[in-house]
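Engineer:
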Ligand SMILES: Cc1cc2nc3c(=O)[nH]c(=O)nc-3n(C[C@H](O)[C@H](O)[C@H](O)COP(=O)(O)O)c2cc1C
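In the working numbering, the protein residues as written are 5 to 196.
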């Protein structure tokens, strides 16, 4: 079965991103083998290697970075749940990308963002960064602008009035999932 990792891009106390990740997992889990990877569980130093990871065949990553790399390599596709901080993605998520070498080469990434204004600039920053590690961002993205604290429960249940909104987050998620699975299957067979 297709294996998809959903990465929680916030480690902040009192964060909300984990709810968005759970909501995605509940739906995507009906069609793929999903696992939520929480960056809280992968505390890593900021990248400080002398040579760019993609150009260092003799690389010996710092142990906590190696744990992350070993884990994150084993998926066919990814969903990044990103908050927007100061018009960009979070530093912790960007660092988790910067330490990658070839683990995401020719693999698809779906972007699910949120923030006071919906996270469009977090998505834009990731669309610039991800080709740097060989990943393919799918054309659509999900911009969640309702207040997460009141919109999604801890177990990933979206409030009924939002779920039923035409062209709202639920419709965006359905499109995202369909597209992510299409790219996952296409790229997986192309990589063989
Ligand atoms: C340091 C900081 C900067 C922020 N900057 C933005 C921003 O530029 N644009 C935006 O839409 N929301 C911004 N926000 C709001 C966050 O996106 C919002 O609080 C969101 O819930 C953060 O995700 P998290 O709760 O999972 O950490 C900012 C929040 C913080 C803490």
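Cβ atoms here follow ideal geometry from the backbone N, Cα and C, with glycine treated the same way.
Quick caveat: nothing in here was measured; it's all calculated off a predicted structure.
Pull up the DSSP beta-bridge partners for residue 92, would you.
Structural biologist: The residue you call residue 92 lines up with position 88 of the chain shown. For residue 92, the pairing in a beta bridge is given by DSSP as 89.
Engineer: Is there contact here, the stretch 11-21 with the stretch 58-75, by at least three beta-carbon pairs under 8 Å?
Structural biologist: no
Engineer: Is it the case that the Cβ atoms of residue 87 and residue 184 are separated by a distance below 8 Å?
Structural biologist: Position 83 of the chain shown holds residue 87. Position 180 of the chain shown holds residue 184. For residue 87 and residue 184, no; Cβs fall outside 8 Å.
Engineer: Is it buried or exposed for residue 21, if we count other Cβ within 10 angstroms and need 16 for buried?
Structural biologist: In the chain shown, residue 21 corresponds to position 17, counting from 1. Buried, by the Cβ-count rule.
Engineer: For ligand 1, is there any heavy atom lying closer than 7 Å to the beta carbon of residue 90?
Structural biologist: Along the chain shown, read from residue 1 onward, the residue named residue 90 stands at position 86. Flag set: Cβ of residue 90 near ligand 1.
Engineer: With DSSP run on the structure shown, which of helix, strand or coil describes residue 196?
Structural biologist: For the purposes of this step, residue 196 is taken as residue 192 along the chain shown, with counting starting at 1. Residue state, collapsed to three classes: coil.
Engineer: In the DSSP assignment, the beta strand (DSSP E) including residue 7 goes from what residue to what residue?
Structural biologist: Within the chain shown, residue 7 is the residue found at index 3, counting from 1. For residue 7, the enclosing beta strand (DSSP E) starts and ends at 7-12.
Engineer: Would you check whether ligand 1 has a heavy atom nearer than 7 Å to the C-beta of residue 106?
Structural biologist: Along the chain shown, one-based indexing puts residue 106 at 102. Taking 7 Å as the cut-off, one finds no heavy atom of ligand 1 near enough to the beta carbon of residue 106.
Engineer: Quick check for students: name the residue ranges of the alpha helix (DSSP H) that lie wholly in the stretch 119-150, counting only runs of 4 or more.
Structural biologist: 124-133
Engineer: Answer yes or no: do residue 204 and residue 80 have a C-beta to C-beta separation smaller than 8 Å?
Structural biologist: The first residue shown for the chain is 5 and the last is 196, placing residue 204 beyond what the model contains.
Engineer: Applying the 10 Å Cβ sphere with the 16-neighbour rule, what's the burial state of residue 18?
Structural biologist: Within the chain shown, numbered from 1, the residue matching residue 18 stands at position 14. The residue is exposed, with fewer than 16 neighbouring Cβ atoms inside 10 Å.
Engineer: Between residue 146 and ligand 1, is the CB less than 7 Å from at least one heavy atom?
Structural biologist: As a position in the chain shown, residue 146 is number 142, starting the count at 1. No, since every heavy atom of ligand 1 falls outside the 7 Å radius drawn around the Cβ of residue 146.
Engineer: Check whether the stretch 41-54 and the stretch 133-142 touch, using three or more Cβ-Cβ pairs below 8 Å as the test.
Structural biologist: no
Engineer: How big is the Cα-Cα spacing for residue 128 and residue 95?
Structural biologist: As a first step, residue 128 must be located in the chain shown, where it is residue number 124. As a first step, residue 95 must be located in the chain shown, where it is residue number 91. Those two C-alpha atoms are separated by around 15 Å.
Engineer: Name, in chain order, the residues that DSSP records as bridge partners for residue 83.
Structural biologist: Translated into the one-based positions of the chain shown, residue 83 becomes position 79. Partner(s): 10 and 114.
Engineer: Do you know how far the Cα of residue 175 is from the Cα of residue 120?
Structural biologist: Walking along the chain shown from the start, residue 120 turns up at place 116. Walking along the chain shown from the start, residue 175 turns up at place 171. Near 20 Å, if we compare the C-alpha coordinates of residue 175 and residue 120.
Engineer: Which ranges does the alpha helix (DSSP H) cover as unbroken runs of at least 4 residues, wholly within the stretch 18-81, from first to last along the chain?
Structural biologist: 21-32 and 67-76
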